[in-house]
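Below is one structure, written out as structure tokens; the observations come after it.
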Amino acid sequence: MNPKYMKIMILLLLILCTASIAGAEPISNNSKNEAGLDYTEGGHYDTDFNANFMSEWWYQNGDMKLVAKDGEKKKLAFFVVMCHQESPGLKDTSGTNLSYLSTFYGLYPCGETATSNFTRTLVPRYSIENYVGFHVPYLNFTYPEGLRRFYGSGSEGYMLNYSYDNMQLNLFFKPRVEKTVDSAVEPVNFTTYERAYGKLEGSVVLDGKEYTVTQADGYFDHMIPYTPDQPTWEMEMHGWSWSEVTTDKYQTIFYGIRSIDDGYEGYTYKHLTLINKHTGKIIAEYSGDQVNVDEKDWKDMVVKDRPVKRPSKLEISTPDLNISINAQSVIQLDDTSLPNGQPIGFVDFMAFQPDKATIKYKKNLEMGSSFYEYMVTDLGISAFSQS
Numbered sequence: 001m002n003p004k005y006m007k008i009m010i011l012l013l014l015i016l017c018t019a020s021i022a023g024a025e026p027i028s029n030n031s032k033n034e035a036g037l038d039y040t041e042g043g044h045y046d047t048d049f050n051a052n053f054m055s056e057w058w059y060q061n062g063d064m065k066l067v068a069k070d071g072e073k074k075k076l077a078f079f080v081v082m083c084h085q086e087s088p089g090l091k092d093t094s095g096t097n098l099s100y101l102s103t104f105y106g107l108y109p110c111g112e113t114a115t116s117n118f119t120r121t122l123v124p125r126y127s128i129e130n131y132v133g134f135h136v137p138y139l140n141f142t143y144p145e146g147l148r149r150f151y152g153s154g155s156e157g158y159m160l161n162y163s164y165d166n167m168q169l170n171l172f173f174k175p176r177v178e179k180t181v182d183s184a185v186e187p188v189n190f191t192t193y194e195r196a197y198g199k200l201e202g203s204v205v206l207d208g209k210e211y212t213v214t215q216a217d218g219y220f221d222h223m224i225p226y227t228p229d230q231p232t233w234e235m236e237m238h239g240w241s242w243s244e245v246t247t248d249k250y251q252t253i254f255y256g257i258r259s260i261d262d263g264y265e266g267y268t269y270k271h272l273t274l275i276n277k278h279t280g281k282i283i284a285e286y287s288g289d290q291v292n293v294d295e296k297d298w299k300d301m302v303v304k305d306r307p308v309k310r311p312s313k314l315e316i317s318t319p320d321l322n323i324s325i326n327a328q329s330v331i332q333l334d335d336t337s338l339p340n341g342q343p344i345g346f347v348d349f350m351a352f353q354p355d356k357a358t359i360k361y362k363k364n365l366e367m368g369s370s371f372y373e374y375m376v377t378d379l380g381i382s383a384f385s386q387s
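This is the structure in structure tokens:
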């Protein structure tokens, strides 16, 4: 272990001897001790929120230019998620409490078909701290087989080592903007800590060939949804929409959460943040009725023998900010992503647009890339399925 992290862990143990986390409320958005350590970085238990079910994940994406030793060049976008879930009702047949771990990713090679994978496992809860660092001022997540690890902090940067089949990511992400936060109670309890823009460096191995990252923009967040009552948080909403758009000067982050009554097009929660990439400062934030969401070009499809639809175009507007996204390359995550069709509770459409996504702020119009997610829960599918 890095000696610096060992010192941090020793300091943490001393702190935990004299303090505890409040059980009914999530950790503060700015949970830092006097030394400036940020405890929103590490893992959480369901008991931190008095929750019947909680989930959290650490998400990293990137839009990269690559070059091999023989001079071959590639463009590759990706996202990676490392997820952890806890519930007092999660037990095996012997009554042993279990913890849930999963990882999934999507690759968007320029001019080629996007690919993805979803992997999950259950481990005894008494062993979960072997894989996730809890109540610590840094991220430390290791998937049990040891081939996938995500660790670091916003202040020092994050290291991602992720191997699966013929793909390997060895990437370092250094945030270059302030941490931003999205948080809501309705229609679902969640808090997301975002490091919305930064640079990636490192290497990528594809089909046994190694490429060096020559240029890359990245985004990171740590999201925690939970529910005090329902079996899972997916049972409290229809779904959500999320996007980030990157241009030369700007970065935008949008979160929209739909209640069951909202259906496919309404949003109970809307929040939009505009960031200046060069200064790292927030230019403006918008929420609620300040934000208009216009989804277009709906695609009808059948998932799990039930009708589901998703928008392929998205326009988000405020009085002085307009965003336009086109979901050009889409990865679909659902039960078919897992062996034997094990339920995951939602259908997730994650899209990447390499160029021509637009941000217009006042009179300044810029084009760039975007990641765009549109998710529908199993409850949302059931509520709007027609016989």
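Each residue of the sequence shown is one higher than the last, beginning at 1 in our numbering.
Just so it is clear, CB atoms sit at the ideal spot from N, CA and C, and this is done for glycine as well.
For W298, same chain residues with a beta-carbon under 6 angstroms away, outside a window of 5 residues either side, are K309 and P311 in chain order.
Inter-residue distance for G288 and F384 is about 24 angstroms (C-alpha atoms, whole angstroms).
Between the C-alpha atoms of S241 and S317 there is a straight-line separation of about 15 angstroms. If you check the CB distance, P228 and A51 come in under 8 angstroms. The three-state secondary structure of G202, taken from DSSP, is strand. Across the set K209, T192 and F172, the C-alpha of T192 shows the shortest separation from the C-alpha of K179. Bounds of any beta strand (DSSP E) do not take in A114, whose DSSP letter is neither H nor E.
Annotated as proximal: V376 and V347, with beta-carbon spacing under 8 angstroms. Per the Cβ contact rule, the region 215–226 is in contact with the region 50–68 (3 or more Cβ pairs under 8 angstroms). Secondary structure at A383: helix, using DSSP grouped into helix, strand and coil. In the three-state scheme derived from DSSP, where H, G and I count as helix and E and B as strand, I344 is classed as coil.
Of V181, N166, N170 and I323, the smallest CA-CA separation from Y158 is found for N170.
Contact between M235 and S259 is ruled out by a C-beta separation of about 12 angstroms, above the 8 angstroms threshold. Contact annotation, L101 with D92: C-beta distance approximately 15 angstroms; criterion of less than 8 angstroms not satisfied. Here the region 102–111 makes contact with the region 68–83; the two share three or more CB pairs at distances below 8 angstroms.
Excluding residues up to 5 positions away in sequence, P225, T227, W233, E236, M237 and I257 lie with their Cβ nearer than 8 angstroms to the Cβ of V188 in the same chain. A Cβ-Cβ separation of about 4 angstroms places G280 in contact with V177 under the 8 angstroms criterion. In the structure shown, the three-state DSSP call for Y138 is coil.
Around the C-beta of N140, 16 or more other C-beta atoms lie within 10 Å, and the residue is accordingly described as buried. Annotated as distal: D207 and N161, with beta-carbon spacing of 8 angstroms or more.
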